[in-house]
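As structure tokens, the structure follows; a few thoughts come after it.
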Ligand SMILES: *Cc1c(COP(=O)(O)O)cnc(C)c1O
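Written out as structure tokens, the structure is:
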């Protein structure tokens, strides 16, 4: 079939509507590429990537006056572009905190593109709006959040932090009789915003975007990166004014969870708002064995999380939950006659996220959650946590390698005994690992010390892959140690 189609003249490129066969050829080409891509990355996930100049040479140049055959355009993207793909979807990818898309979520994502729904309003996509309402109720229950909690689907946790903190800002000023949406911040009561020094950059960026950057106080953390309660008490005693406190449920380096019940009690006593950045940590609440590690999660006022990390859906998909529906809607209010809002009748997605026209992300969430069920989500999360513990056990037994964190979730922080050049050592380990093709990990700096970070966040990662990763890290560490000796002895680095 494909060859018969390929022999046809393509008309789509000259603005003539594509025929059904032409559509089939384009979608078929991507389908075939997809299968080949998975096979290639299963066999060899991390080949040396194309460099920037090569990608520019293959894809760049001036926008041509005349369009290309769409098959040719796609073919160039697939062949030249693939050389610049980082296979973070691989079960052997342990970098950052990323996750890899589950097959059902990829398929539902394709469907979402085919349907090309505008996820702004009920009237622009009834199915997206209804699926959104359904997945929000599923997730509120899965995470054990208060009944009545509202949620918006965002591009990621950065945008979810912005949403939660916008609701926070609205609420704490409204409590003082100040409508910040109407009146702005000039002349408003001076707020206090308390964050831990380990908070994510997207939290502080959201606060800056909301005009609160000048009021942020960064509080000290303990050896695991958890907010210290004595620092919080001191900051709370130091003033009064509209109060917002941000805590972390899973910090990127250690996976540490702030002491949530204690923080929540203090924030409530001061009539403040507690926002949680739970980009990946939120999902621990879904596992019977891991839920205790995020005890107190439900006592916050807003939560930001990602689905494109631990739920393993494709980019992009985050979620902002707010326990005070009126603050959520007031912070994001939109009024325009032409929007034909559903009012009380329908739920319009644009009332719950800062975006308007957007991808119907709820469809992918629906398919993924419907497929996994409560048990499937729990198993995914608990398996990742168990494998992180397994990695830590194996690696901590290697002389010269130390596990720098309590492995409470899916993050493993590795420190190396390297006599003088810790940064060079970690750099060599990272490079050796990638060259070996067995695992991909990223470097970080923990308390001033260069370190390696492993994040287990993928449905495909299993015991075999985790053990191979541990072996590869050990081999890379030994090889980097030898290279370090050689370079100290003045030999040419190899
Ligand atoms: C990834 C991450 C974010 C930002 O989320 P995006 O999805 O990249 O916008 C915020 N906080 C934490 C803890 C994260 O891990």
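Numbering (the numbering used here), first residue to last: 723 to 1216. The C-beta atom is built at its ideal place from N, Cα and C for all residues, glycine as well. Please read these numbers as outputs of a predicted model, since none were measured by experiment.
Given a cut-off of 8 Å on the beta-carbon distance, is the pair residue i and residue j in contact?
| i | j | result |
| --- | --- | --- |
| residue 968 | residue 925 | yes |
| residue 823 | residue 1085 | no |
| residue 1027 | residue 1133 | no |
| residue 1152 | residue 1090 | no |
| residue 781 | residue 751 | no |
| residue 1131 | residue 1173 | no |
| residue 1047 | residue 964 | no |
| residue 680 | residue 1195 | This structure leaves residue 680 out entirely; the chain is present only between 723 and 1216. |
| residue 1206 | residue 1143 | yes |
| residue 1203 | residue 1122 | yes |
| residue 772 | residue 821 | no |
| residue 923 | residue 939 | no |
Measure how close the beta-carbons of residue i and residue j come, nearest whole angstrom, since I'm counting them as under 8 Å.
| i | j | result |
| --- | --- | --- |
| residue 994 | residue 972 | Rounded, the Cβ-Cβ distance is 22 Å, inconsistent with contact. |
| residue 1080 | residue 842 | 7 Å |
| residue 1075 | residue 871 | Between residue 871 and residue 1075 the Cβ distance is about 15 Å, and since that is not below 8 Å, they are no contact. |
| residue 943 | residue 949 | 6 Å |
| residue 809 | residue 767 | 4 Å |
| residue 1127 | residue 910 | Going by Cβ atoms, the distance from residue 1127 to residue 910 rounds to 40 Å, so no, they are not a contact pair. |
| residue 889 | residue 1050 | 5 Å |
| residue 1135 | residue 1125 | 7 Å |
| residue 1104 | residue 1009 | 4 Å |
| residue 997 | residue 887 | 6 Å |
Would you identify the three-state DSSP class for residue i, choosing helix, strand or coil?
| i | result |
| --- | --- |
| residue 730 | Confidence at residue 730 is low in this model, with a pLDDT of 46, below 50, so its placement is unreliable and no value can be given for it. |
| residue 724 | The predicted model places residue 724 with a pLDDT of 43, which falls under 50 and marks its position as unreliable; any figure quoted below should be read in that light. Residue 724 falls in the helix class under three-state DSSP. |
| residue 970 | strand |
| residue 1216 | Per-residue confidence for residue 1216 stands at a pLDDT of 48, beneath the threshold of 50, marking its modelled position as unreliable; no derived number is given. |
| residue 1181 | coil |
| residue 962 | coil |
| residue 983 | helix |
| residue 826 | helix |
| residue 928 | helix |
| residue 1207 | helix |
| residue 937 | helix |
| residue 750 | helix |
| residue 1132 | coil |
| residue 1172 | strand |
| residue 666 | Missing from the structure shown is residue 666; the chain here goes from 723 to 1216 and no further. |
| residue 990 | helix |
| residue 791 | coil |
| residue 1221 | Residue 1221 lies beyond the residue range present for the chain, which begins at 723 and ends at 1216; the question has no answer from this structure. |
| residue 1165 | strand |
| residue 943 | strand |
| residue 741 | coil |
| residue 798 | helix |
| residue 876 | strand |
| residue 1217 | There is simply no residue 1217 to check, as the chain begins at 723 and stops at 1216 in what is shown. |
Determine the extent of the alpha helix (DSSP H) in which residue i is found, giving its start and end residues.
| i | result |
| --- | --- |
| residue 1156 | 1144-1158 |
| residue 816 | It is not in any alpha helix (DSSP H) - residue 816 carries neither H nor E in the DSSP assignment. |
| residue 848 | 848-865 |
| residue 881 | 879-896 |
| residue 1052 | 1047-1053 |
| residue 871 | Unbroken run through residue 871: none, as it is neither H nor E. |
| residue 781 | 774-781 |
| residue 902 | 902-905 |
Can residue i be considered in contact with ligand 1, in the sense that its beta carbon sits closer than 7 Å to one or more heavy atoms?
| i | result |
| --- | --- |
| residue 1030 | yes |
| residue 924 | yes |
| residue 817 | no |
| residue 1107 | no |
| residue 1002 | yes |
| residue 878 | yes |
| residue 1040 | yes |
| residue 1097 | no |
| residue 972 | yes |
| residue 944 | no |
| residue 999 | yes |
Could you pull the start and end residues of the beta strand (DSSP E) that residue i belongs to?
| i | result |
| --- | --- |
| residue 1081 | It is not in any beta strand (DSSP E) - residue 1081 carries neither H nor E in the DSSP assignment. |
| residue 997 | 995-999 |
| residue 1042 | 1040-1044 |
| residue 1125 | 1123-1125 |
| residue 1014 | Taken as a continuous stretch (DSSP letters only), residue 1014 belongs to no beta strand (DSSP E), as it is neither H nor E. |
| residue 950 | Neither: residue 950 is in no beta strand (DSSP E) and is coded neither H nor E. |
| residue 918 | 914-918 |
Determine whether the Cβ of residue i lies closer than 8 Å to any Cβ atom of chain C.
| i | result |
| --- | --- |
| residue 858 | Of the chains in the structure shown, none is chain C; there is only one protein chain. |
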